[in-house]
Every structure is written in C-alpha cells, then in structure tokens.
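Residue numbers (our numbering): 3 to 492.
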C-alpha cells in the first residue's frame, strides 16, 4: 500500500508538472499575441504588396501603380537613390514606431499620380479613427542654399538641423548653393494626418522641405489635417503650383530661412484649432539674409476663431510679396495680418545679393473681407513684438478705402487692394464654413476681381509668375482640384 501510494504521488506530481508546462506555454502564447504591436496588426489587416521599413534604401526602388504599401519606421532615400511611386498607390504609415520618409540630399522621390488616381500618403489606421500626428510626413532635402548661417548653410540651432533625421551629409553640414537642384517630382499627391514633434522646437510637417531647388516639381498637392504645419519650406528655390492646404493644426503655409521661389494657386483653410494661414519668417533680425519669395493667387479662409487663428504673420526679416489673393473670415485678436517689428526695422536695409530687394510686406491686388476684429486696420500697434494690422467690425469705414488700406500697408501703396464688407453684412465672395470639407467650399460663386491684376516681379530664383486674370486660387469654373482631393475628418 505504501508503495502504491508513493507511485500514485509520483504520478500525480508528474501530471501536475505537465499541466504546469501546458499552462505556462498557454500564457506564453497569450503574451506573444498581446505583444504584437498595433502597427503589425494593422499591416496584417492591410495586406500590403510592398512593405517599407526602417532603414536606408539600397539602389532605386519602384512601387507599382495602385499598390498598397505599408510604412513602418524611418525610411531614408539616400544620395544617388530614387524612390518612384506609381499613380494610385497608397502608402499607409504607422504612428508607432515613428514613421516617415526622408529624402536625403542627392536622393530623389518621384510620386506622380493623376487626377483620377492620386498617390496618397496617409495613416494606417482605419478611416474614422485617423488623427493628426498619426505619422511623420514627407521630409525632402536638397542642395539649394539656406540662409541659417553666415555661410548660407544649415547651422546647429536651426529648426532644420534635425540630427539623425537630417539631410544625410556627414555631420549634417548640408552645404549647398545649387538653386537648380532637383529632389524629384510630386504631382497629384495627397498627404493626410501627418506631422510630429521630433524634439523641442523641431517638428516635421505634412511636407517638410529644406534647401530644395527649383529643378524639383511640386504641383497638384493636398496636405490635409496634420498636427503641425501643412507645408514648411526652409530656404531653397523650389516653385509650387496648384496646392491645397486644408485644416492643419498649426500654420498652413510656413516659410523660413531664405526661400527664394514662387507659389501660385494655393488655397489654405485654417480650422478652429489652427494658427496662421501663412507664417513667413526670415532668420532672426538679419536683413542681409531675408526670405524673399513671390506669392500669387492665394485663397486664405478662416472660421472666425477669435482666440487663435490669423491670416498672415510676417516675422524675422521675412520679405513677403503677396498678390492677386483673397482673405476672409478671420477674427483678429491675434492679428488678422501681423508684421513683426523685427521685419519692419529691417525693411529699409538692403539684403545680400541673391536674397532680394528691401520690404517687409507688399500686398498687391488683394481682396479682403469679413474680418471680425477689435482694432482698426489703419492703426499699427505692437504686441508681443508684432505689429498687428486688423479691422474693426464696428467701424469698417476705417479700412474701407484704398487710402486707409495703404496706410496700414505702407509698402503696398495704392495697389488695387480692396477692403470691403468687413462685418460680412452681405454675402461673402466665398462663404465661411465651420469646417472646410469640399473643394466647392474654396471656390467663389463668380470670379473675384479687383481694379487690375498685379504682375509680380520675378523671384530671386528667376521664375516669373506673370499677371493672372483672377483673384484667389480658383476661378468659379476651375476644376483643377475636383477629382483627386479629399477632406476626411478622421
């Protein structure tokens, strides 16, 4: 009996041990399932034909038309390599790990969609759950000059010196003086739910360009609902045409550190959680290295969010020429149009050859209406180092004439600017929306006109915009954005 009892006890212990192993293994398998990341799970669901993963591209890579592509991690296109993306391809990016595409200096990206089949860069999250800052966006570097240091190159305290995410040159020195540099082609492209802070004061945007030359082609692009700026341009000489920047959480169109190109037909919508339609900076108080680009046919639309949004901010030796444009639906406690004193103080100085002539803001043949504001546009006053120009809803007559408008914009003279219907007593040429969610929200019912249209001088990069025959980014009949754009809330 004792022997049987001992044998039984041994058998029982063996069974318990086996059971214990099974339970431990089951727990281990369960933990393995739990450990699978949200990114990997989303990639499994997507079932992509191409997977772009963290690392540096080897040689040239071509992604076929209509391909489903996942992006996991920081994917770099190095000097001498080209990433080509066919029409209709969708690149879906993870939020964690931090995911972005970085085109280093000498690398090239060619993403060429069509009006029927755009190339889309978006979040891998399912529609309805996507958010701003869902991935890092597109980062494109070039070999055109940037004015962030005395040698006209990047320096360590510049916002564009992003360390490991930078241009790819040894030490991230990123020297270059080639205005004609070519970083590739982006046409019929959408970038959605992008942007991310990579370190204090340094952010990636929907599209981040540094030192990009005007050999690069950028047209028919929409940047939508990002967490930082829609498009930010650091130096360089790139030209942009037919652009929509919609509902981004910071600035729509942000310019810094010596950009010398042009932009035409650009529509910017500033949401209730946005900041400026255009933020336009030079570098510090150094007039010798001011930003000087030529902008024409912008449409800048706000939602009358009194506490935050503004139409334009010009700072830090920014020298901004804006013509043939339409601005409406801003409140203005932060300044509808603000010109910083450190730009005004340098407006009489002459920048170094190649950076352009002297002014702070030239506004030409531009139509402004529906500004619900608390101060007179004809009075320039300083707050937080910015001289803010605004119009009052209670006394629209203060800015109703060209003469008063020219007083507020001394560099404009009487240049066919129209300031009208400031308190929106009659219907605006383009109606205000609580959320701009369709191309039709960006178009006038009939063409917007002024006394005459302005022919901007050629930009320092040599591009001449010529005079248009309309004001704003669209005529009433324009269809250039009708078929390939999209305005999802999430």
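Cβ atoms here follow ideal geometry from the backbone N, Cα and C, with glycine treated the same way.
Task: Segment contact, 8 Å Cβ cut-off, at least three pairs: the segment 227-234 with the segment 447-459 - done: no
- [ ] Entirely within the segment 65-108 and at least 4 residues each: give me those alpha helix (DSSP H) ranges in chain order.
- [x] none
Task: Cut-off 6 Å between Cβ atoms - residues of its own chain near residue 52, not counting five sequence neighbours on either side - done: 65, 69, 71
- [ ] Express the C-alpha separation of residue 60 and residue 169 in angstroms, rounding to a whole number.
- [x] 17 Å
Task: Three-state secondary structure (DSSP) of residue 133 - done: coil
Task: Expected contact under 8 Å - CB spacing of residue 2 and residue 104 to nearest Å - done: With the chain running from 3 to 492 in the structure shown, residue 2 is simply not present.
Open item on the list: What does the Cβ neighbour count give for residue 125, buried or exposed, with the cut at 16 atoms within 10 Å?
Closed with: buried
- [ ] Enumerate in chain order the residues of its own chain whose CB-to-CB distance from residue 122 is below 6 Å, with the five nearest sequence positions on each side excluded.
- [x] 92, 192
TODO: Report the residue from 314, 262, 247, 325 whose alpha carbon sits nearest the alpha carbon of residue 179.
DONE: 262
Open item on the list: Taking only three categories from DSSP, how would you classify residue 372?
Closed with: strand
Open item on the list: Buried or exposed for residue 46, going by 16 or more other Cβ atoms inside 10 Å?
Closed with: exposed
- [ ] Can you give me the start and stop residues for the alpha helix (DSSP H) that residue 48 sits inside?
- [x] 40-48
TODO: Can you say whether residue 146 is buried or exposed, counting buried as having 16 or more other CB atoms within 10 angstroms of its CB?
DONE: buried
- [ ] Go ahead and label residue 246 buried or exposed: buried means 16 or more other beta carbons lie within 10 angstroms of its beta carbon, across all protein chains shown.
- [x] buried
Task: Nonlocal neighbours in the same chain, by C-beta distance under 7 Å from residue 243, ignoring five residues either side - done: 221, 266, 267
TODO: Decide if residue 448 is buried, meaning its Cβ has at least 16 other Cβ atoms within 10 Å, or exposed.
DONE: exposed
Task: Endpoints, the beta strand (DSSP E) within which residue 259 is located - done: From DSSP, residue 259 is part of no beta strand (DSSP E); its letter is neither H nor E.
TODO: Rank 485, 301, 464 by C-alpha distance to the C-alpha of residue 473 and give the top, closest one.
DONE: 301
Open item on the list: Considering only their Cβ atoms, is the gap separating residue 167 from residue 141 smaller than 8 Å?
Closed with: yes
Open item on the list: Considering only DSSP beta bridges, list what residue 423 is partnered with.
Closed with: Residue 423 is not bridged to any residue.
TODO: Would you identify the three-state DSSP class for residue 242, choosing helix, strand or coil?
DONE: strand
Open item on the list: Does residue 185 come out as helix, strand or coil in the three-state DSSP assignment?
Closed with: coil
Task: Three-state class that DSSP yields for residue 444 in the structure shown - done: helix
- [ ] Kindly give me the distance between the Cβ atoms of residue 273 and residue 437, rounded to whole angstroms, as I take these residues to be in contact under 8 Å.
- [x] 7 Å
Task: CB of residue 77 within 8 Å of CB of residue 108, strictly - done: no
- [ ] From the DSSP output, in three-state form, read off residue 472 for me.
- [x] coil
Task: Cα-Cα separation, residue 95 to residue 282 - done: 29 Å
Open item on the list: Pull the bridge partners of residue 267 from the DSSP assignment, please.
Closed with: None; residue 267 has no bridge partner.
Open item on the list: Can you give me the C-alpha to C-alpha distance between residue 485 and residue 326, rounded to a whole angstrom?
Closed with: 25 Å
Open item on the list: Applying the 10 Å Cβ sphere with the 16-neighbour rule, what's the burial state of residue 205?
Closed with: buried
Open item on the list: Once the 5 residues before and after residue 198 are set aside, which same chain residues still bring their CB inside 8 Å of it?
Closed with: 100, 102, 135, 137, 138, 139, 205, 206, 229, 230
- [ ] In angstroms with no decimal places, state the Cα-to-Cα distance between residue 315 and residue 340.
- [x] 5 Å
Open item on the list: Taking 8 Å as the threshold (C-beta atoms), are residue 465 and residue 241 in contact?
Closed with: yes
TODO: Ignore the nearest five residues each way along the sequence and tell me which others in residue 420's own chain have a CB closer than 6 Å to its CB.
DONE: 369, 452
Task: Alpha-carbon to alpha-carbon, residue 299 and residue 210 - done: 22 Å
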